[in-house]
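Notes for the one structure printed next.
Protein chains: 2
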Amino acid sequence: MAADAADLSRLSLNTATTKAWTLREAVEGAARAGLPAVGLWRDRVHEVGLAAAARIVADAGLRVSSLCRGGFLTAADDDGIAAALEDNRAAILEAATLGTRELVFVVGGLSAATAPGGPAAPYPTGGTASGGPAGDPARDVVATRARVADRIADLVPFATEHGVRIALEPLHPMFAADRAVISTLGQALDLAAPFPAEAVGVVVDTYHVWWDPDLERQIARGGVEGRIACFQVCDWILPLDADPLLSRGYMGDGYVDFATTTRWVRDAGYTGDVEVEIFNQQIWDTAGDEVVATIADRYRRHVLPHLT
Amino acid sequence: MAADAADLSRLSLNTATTKAWTLREAVEGAARAGLPAVGLWRDRVHEVGLAAAARIVADAGLRVSSLCRGGFLTAADDDGIAAALEDNRAAILEAATLGTRELVFVVGGLSAATAPGGPAAPYPTGGTASGGPAGDPARDVVATRARVADRIADLVPFATEHGVRIALEPLHPMFAADRAVISTLGQALDLAAPFPAEAVGVVVDTYHVWWDPDLERQIARGGVEGRIACFQVCDWILPLDADPLLSRGYMGDGYVDFATTTRWVRDAGYTGDVEVEIFNQQIWDTAGDEVVATIADRYRRHVLPHLT
Numbered sequence: 024m025a026a027d028a029a030d031l032s033r034l035s036l037n038t039a040t041t042k043a044w045t046l047r048e049a050v051e052g053a054a055r056a057g058l059p060a061v062g063l064w065r066d067r068v069h070e071v072g073l074a075a076a077a078r079i080v081a082d083a084g085l086r087v088s089s090l091c092r093g094g095f096l097t098a099a100d101d102d103g104i105a106a107a108l109e110d111n112r113a114a115i116l117e118a119a120t121l122g123t124r125e126l127v128f129v130v131g132g133l134s135a136a137t138a139p140g141g142p143a144a145p146y147p148t149g150g151t152a153s154g155g156p157a158g159d160p161a162r163d164v165v166a167t168r169a170r171v172a173d174r175i176a177d178l179v180p181f182a183t184e185h186g187v188r189i190a191l192e193p194l195h196p197m198f199a200a201d202r203a204v205i206s207t208l209g210q211a212l213d214l215a216a217p218f219p220a221e222a223v224g225v226v227v228d229t230y231h232v233w234w235d236p237d238l239e240r241q242i243a244r245g246g247v248e249g250r251i252a253c254f255q256v257c258d259w260i261l262p263l264d265a266d267p268l269l270s271r272g273y274m275g276d277g278y279v280d281f282a283t284t285t286r287w288v289r290d291a292g293y294t295g296d297v298e299v300e301i302f303n304q305q306i307w308d309t310a311g312d313e314v315v316a317t318i319a320d321r322y323r324r325h326v327l328p329h330l331t
Numbered sequence: 024m025a026a027d028a029a030d031l032s033r034l035s036l037n038t039a040t041t042k043a044w045t046l047r048e049a050v051e052g053a054a055r056a057g058l059p060a061v062g063l064w065r066d067r068v069h070e071v072g073l074a075a076a077a078r079i080v081a082d083a084g085l086r087v088s089s090l091c092r093g094g095f096l097t098a099a100d101d102d103g104i105a106a107a108l109e110d111n112r113a114a115i116l117e118a119a120t121l122g123t124r125e126l127v128f129v130v131g132g133l134s135a136a137t138a139p140g141g142p143a144a145p146y147p148t149g150g151t152a153s154g155g156p157a158g159d160p161a162r163d164v165v166a167t168r169a170r171v172a173d174r175i176a177d178l179v180p181f182a183t184e185h186g187v188r189i190a191l192e193p194l195h196p197m198f199a200a201d202r203a204v205i206s207t208l209g210q211a212l213d214l215a216a217p218f219p220a221e222a223v224g225v226v227v228d229t230y231h232v233w234w235d236p237d238l239e240r241q242i243a244r245g246g247v248e249g250r251i252a253c254f255q256v257c258d259w260i261l262p263l264d265a266d267p268l269l270s271r272g273y274m275g276d277g278y279v280d281f282a283t284t285t286r287w288v289r290d291a292g293y294t295g296d297v298e299v300e301i302f303n304q305q306i307w308d309t310a311g312d313e314v315v316a317t318i319a320d321r322y323r324r325h326v327l328p329h330l331t
């Protein structure tokens, strides 16, 4: 198959994949390789400033497929809740300024998490007493999820007002304790259900959801409901990296069945961009242009044939 | 609370927790600590021989809460299928001889897995051709699960004939590629559904299922259907161990909300044993009697108050 630019008309480079690149370098690198879009991370945007970031993308003629990331909505205390709402309102304004409708939300973990990937905080004194009351609220995943639902409701009017959609991202269950208490696509769609599809959507990231026995049905549901906001692709690699967050790989290097998953997303009517978001130290240590070329090659081999 | 034996009337020591102990040592250690039951692994049974193992347990006056493990049903080739059926029929006979009804099944991973925890096999030549046919059958998790269903159907008559129940264990999704394509309790119950509850049940292991947003509902369903064959407890520890299989910890050292989960299992009508199964190098390096004492202490603090 000829490597013409049209092949890449839906391929987006997420800036987390080329971590060593500044936002300008990533935008120019994507454009150079014939990619029409980038997925941006807020830290990269903040480095150059919001207005400059928007101008860099526009000048290159690219679109922004999504902004990563809002969320972290699980605080139980008033100060924590206020801080989360303030930060997410800022993220919504940033997404609007950057011209993307999709703001990816990673919703946060349990209060017992001392840090992402860190050990659980000890039980409060008395909380484990034999015959005592309920367990530790900091480990109560049901209550934590209820707080996420409350915060989404808080943010929907502001997001809607600015034409931005909250795109809920289920993370792999191995991150449920410390990073995101949304673990499945079905759960994300349930949380989105009370709100219009234009206000709250979901992210399908192959790394996080490939294992889900309910995946085909939930992708189809996401299509029917018009809520698939973002399709992110990368592979599930074993052995896991010492930091499991970095265990992602190029499509084709791991276990994900991209043929089947891509067809499910296609059949759900998704016509948006396909973002490649890979956290991987070895890839981060590789020259950016080489990374983008590999991404384009793997996309053509493993995703594109099943996308249309 | 007094540490009387009655407190421990449902606590079972899984022999994987005290890995340095022989079967006899584990049985005698459990009995010494006042535990009424053990969960046995086949390798420990084979070391002493089946008849001797059964006698050791009976002589100590203990019961066998479960036998681990059958399964590994995902082979696609005739020889692999025949070997899996043969090994599982042997496991069924062993369970019957040991006097336990519950044979835990870990169903196996994708054919692309080169080893548990190992990298994915490369794609077959041509399988990734642009515009080519479907992806790689060795990565097809849907077809792999269908083979699991077929093998369960093959084994049910033999298991029923010997009064043994196939107890399907959902493993944490981080093991879906290489160890078990059953990842949720709901999926396990769906696979069990075509068969009588006496023939096919499910395992609830807190380590594997704690994160599941559908857990409460599926535990309740397991109760209504009479299929909860085994309740295993241990904690979800972060950071993950270099070998994630060994990331388990004593109840109370990690993120699991034992109060809530135990109540769900209780409310589902489960009245069986509570097995403690922990794979953890540090615990394996600790003297067995100390491990059993710690298990009993943690059980009394985190599980027992919510069990009745």
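Protein sequence lines correspond, in order, to chains G and V.
Just add 23 to wherever you are in the first sequence, counting from 1, and you've got the numbering used here.
Just add 23 to wherever you are in the second sequence, counting from 1, and you've got the numbering used here.
Glycine included, each C-beta is placed from N, C-alpha and C at the ideal position.
Ends of the alpha helix (DSSP H) at Arg323(G)? Taking the first residue of the first sequence as 1, we reach residue 323(G) at position 300. Element bounds for Arg323(G): n/a, residue is neither H nor E.
Contact between the stretch 239-256 of chain V and the stretch 133-151 of chain V: three or more CB pairs below 8 Å? no
Let me know the secondary structure DSSP gives Trp64(G) once reduced to three states. As a working note, residue 64(G) is residue 41 in the first sequence. DSSP places Trp64(G) in strand when its eight states are reduced to three.
Is there contact here, the stretch 74-82 of chain V with the stretch 39-55 of chain V, by at least three beta-carbon pairs under 8 Å? yes
Exposed or buried, what is Pro217(G) when buried is set at 16 or more other beta-carbons lying within 10 Å of its beta-carbon? Translated into positions along the first sequence, residue 217(G) becomes position 194. Pro217(G) is exposed by the Cβ-count criterion.
With a threshold of 16 other CB atoms inside 10 Å of the CB of Pro147(V), please say whether the residue is buried or exposed. For this step, residue 147(V) is matched to residue 124 along the second sequence. The residue in question, Pro147(V), is exposed, as its Cβ has fewer than 16 Cβ neighbours within 10 Å.
Out of Thr284(V), Lys42(V), Trp287(V) and Ile318(V), state which residue places its alpha-carbon closest to the alpha-carbon of Glu298(V). Your numbering for residue 298(V) matches position 275 in the second sequence. The shortest Cα separation from Glu298(V) among Thr284(V), Lys42(V), Trp287(V) and Ile318(V) belongs to Ile318(V).
Just tell me which of Ala211(G), Trp259(G) and Pro236(G) has its CA closest to the CA of Phe128(G). Here the question's residue 128(G) lines up with position 105 in the first sequence. Of the listed residues, the one whose Cα sits closest to Phe128(G) is Ala211(G).
Below-8 Å beta-carbon distance, Gln304(V) vs any chain G residue: Numbered from its first residue, the second sequence carries residue 304(V) at position 281. For Gln304(V), the answer is no, since every Cβ of chain G falls outside 8 Å of its Cβ.
Unbroken beta strand (DSSP E) runs of length 3 or more, entirely within the stretch 253-325 of chain G: which are they? 297-299
Under a CB-based cut-off of 8 Å, is Phe281(G) close to chain V? The residue labelled residue 281(G) in the question sits at position 258 within the first sequence. Phe281(G) counts as touching chain V.
Chain V contact residues for Gln210(G), given Cβ-Cβ distances below 7 Å: Here residue 210(G) refers to the residue found at position 187 of the first sequence. Within 7 Å Cβ-Cβ: Pro236.
Measuring CB to CB, does His325(G) end up less than 8 Å from Gly275(G)? Position 302 of the first sequence, counted from the start, is the residue given in the question as residue 325(G). Position 252 of the first sequence, counted from the start, is the residue given in the question as residue 275(G). For His325(G) and Gly275(G), yes; Cβs fall inside 8 Å.
Whose C-beta lies closer than 8 Å to the C-beta of Ser153(V) among residues of the same chain, with five residues either side of it excluded? Within the second sequence, numbered from 1, the residue matching residue 153(V) stands at position 130. Residue placement at Ser153(V) is poorly supported in this model, since its pLDDT is 46, which falls under 50; the coordinates are not used for a value here.
Let me see if you follow: with CB-CB separation under 8 Å, is Gly140(V) close to chain G or not? Within the second sequence, the letter at position 117 stands for residue 140(V). Judged by the 8 Å Cβ criterion, Gly140(V) is in contact with chain G.
8 Å Cβ cutoff met for Leu108(G) and Arg174(G): Residue numbering aside, residue 108(G) sits at position 85 when the first sequence is read from its first letter. Residue numbering aside, residue 174(G) sits at position 151 when the first sequence is read from its first letter. Cβ distance < 8 Å, so Leu108(G) and Arg174(G) count as in contact.
Cβ-based neighbour list, Ala56(V), same chain, cut-off 7 Å, excluding 5 preceding and 5 following: Here residue 56(V) refers to the residue found at position 33 when the second sequence is read from its first residue. Excluding residues within five positions, the ones whose Cβ falls inside 7 Å are Val315, Ala316 and Ala319.
Should Pro180(V) go down as buried or exposed, given a rule of 16 or more other Cβ atoms within 10 Å for buried? Position 157 of the second sequence holds residue 180(V). Flag for Pro180(V) reads exposed.
Classify Val165(G) as buried or exposed, calling it buried when 16 or more other Cβ atoms lie within 10 Å of its own Cβ. By one-based count along the first sequence, residue 165(G) stands at place 142. Under this definition Val165(G) is an exposed residue.
Pro267(V) and Gly141(G) - do their beta-carbons sit closer together than 8 Å? Position 118 of the first sequence, counting from 1, holds the residue named residue 141(G). Position 244 of the second sequence, counting from 1, holds the residue named residue 267(V). Taking 8 Å as the Cβ cut-off, Gly141(G) and Pro267(V) do not qualify as a contacting pair.
Beta carbon proximity, Tyr322(V) to chain G, threshold 8 Å: Sequence index remark: in the second sequence, residue 322(V) carries index 299 (1-based). No, its Cβ sits nowhere closer than 8 Å to a Cβ of chain G.
Quick one: is Leu133(G) near chain V, going by C-beta distance under 8 Å? Residue 133(G) sits at position 110 when you count from the first residue of the first sequence. Yes - at least one Cβ of chain V is within 8 Å of the one on Leu133(G).
Return helix, strand or coil for Phe128(V), following the three-state DSSP convention. As a position in the second sequence, residue 128(V) is number 105, starting the count at 1. Reduced to three states, the DSSP call for Phe128(V) is strand.
Own chain residues within Cβ distance below 6 Å of Asp235(V), not counting five before or after: One-based indexing of the second sequence puts residue 235(V) at position 212. Counting only Cβ-Cβ distances below 6 Å, and skipping sequence neighbours, we find Thr207.
Residue range of the alpha helix (DSSP H) that Asp237(V) falls in? Counted from its first residue, the second sequence places residue 237(V) at position 214. From DSSP, Asp237(V) is part of no alpha helix (DSSP H); its letter is neither H nor E.
DSSP state of Ala152(V), grouped into three classes? Translated into positions along the second sequence, residue 152(V) becomes position 129. Residue placement at Ala152(V) is flagged as unreliable, the pLDDT there being 46, under the threshold of 50; the coordinate-derived value follows with that caveat. Reduced to three states, the DSSP call for Ala152(V) is coil.
Compare the beta carbon distance of Thr97(V) and Val130(V) with 8 Å and say whether it is the shorter of the two. In the second sequence, residue 97(V) corresponds to position 74, counting from 1. In the second sequence, residue 130(V) corresponds to position 107, counting from 1. Yes, Cβ-Cβ distance for Thr97(V) and Val130(V) is below 8 Å.
Please name the residue, chosen from Trp259(V), Leu269(V) and Trp64(V), that lies closest to Thr229(V) on a Cα-to-Cα basis. As a position in the second sequence, residue 229(V) is number 206, starting the count at 1. Residue Trp259(V) is the option with its Cα nearest to Thr229(V).
Return helix, strand or coil for Leu191(G), following the three-state DSSP convention. Position 168 of the first sequence, counted from the start, is the residue given in the question as residue 191(G). Looking at Leu191(G) - three-state DSSP - the assignment turns out to be strand.
If we ignore side chains and look at the alpha-carbon of each, how far apart do Ala282(V) and Arg323(V) end up? Taking the second sequence and counting its residues from 1, one reaches residue 282(V) at position 259. Taking the second sequence and counting its residues from 1, one reaches residue 323(V) at position 300. So the alpha carbons of these two residues sit roughly 11 Å apart.
Tell me, please, whether the CB atom of Pro267(G) is closer than 8 Å to any CB atom in chain V? Working through the first sequence from its first residue, we reach residue 267(G) at position 244. Closer than 8 Å: yes.
Anything in the stretch 55-76 of chain G with a Cβ closer than 8 Å to a Cβ of chain V? List those residues in chain order, please. none
If you draw a straight line from the C-alpha of Ala199(V) to the C-alpha of Leu133(V), how long is it? The residue you call residue 199(V) lines up with position 176 of the second sequence. The residue you call residue 133(V) lines up with position 110 of the second sequence. The straight-line gap from Cα to Cα measures roughly 8 Å.
Tell me the DSSP bridge mates of Ser89(G)? For the purposes of this step, residue 89(G) is identified with residue 66 of the first sequence, where counting begins at 1. Ser89(G) pairs with Gly62(G).
Going by the beta-carbon positions, is the gap between Ala143(G) and Gly277(V) smaller than 8 Å? Start at 1 with the first residue of the first sequence, and residue 143(G) comes out as number 120. Start at 1 with the first residue of the second sequence, and residue 277(V) comes out as number 254. Going by C-beta atoms, Ala143(G) is nearer than 8 Å to Gly277(V).
Note down, in chain order, each residue of its chain lying with its Cβ closer than 6 Å to the Cβ of Pro328(V), except the 5 sequence neighbours on either side. Within the second sequence, residue 328(V) is the residue found at index 305, counting from 1. Nothing listed; no residue qualifies.
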